[in-house]
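Everything below concerns the one structure shown next.
Residue numbers (the UniProt record's numbering): 1 to 78.
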């Protein structure tokens, strides 16, 4: 019985350690991902500004309006 309990506790400890390592890795990775998203938002804003100056069709105007709305929504999560 003791051997079974020892084996279970050993596996349980390994599982908890792995889960903790994954959580810490995710926490440290979040700031980098946020920075990448902010860079992407700035890039897309530049493209939007340029595209707004070159609007040629109604469908492009509608697409730009929708994309602009999405960008504003994304900025609220900063």
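Glycine included, every Cβ here is placed at the ideal spot set by N, Cα and C.
Quantities reported herein were computed from a predicted structural model and do not represent experimental measurements.
{"Check": "Uninterrupted beta strand (DSSP E) stretches inside the UniProt domain \"Disease resistance N-terminal\" (9 to 75) (no shorter than 3 residues)", "Outcome": "none"}
{"Check": "Distance between residue 15 and residue 21 (C-alpha atoms, nearest Å)", "Outcome": "10 angstroms"}
{"Check": "Cβ neighbours of residue 17 in the same chain (closer than 8 angstroms, five flanking residues each side left out)", "Outcome": "none"}
{"Check": "Separation of residue 28 from residue 74, as counted between CA atoms", "Outcome": "22 angstroms"}
{"Check": "Candidates 58, 48, 76: closest to residue 67 by CA position", "Outcome": "48"}
{"Check": "Collapsed DSSP secondary structure at residue 1 in the structure displayed", "Outcome": "Annotation note: pLDDT 46 at residue 1 (below 50); position unreliable, no value reported."}
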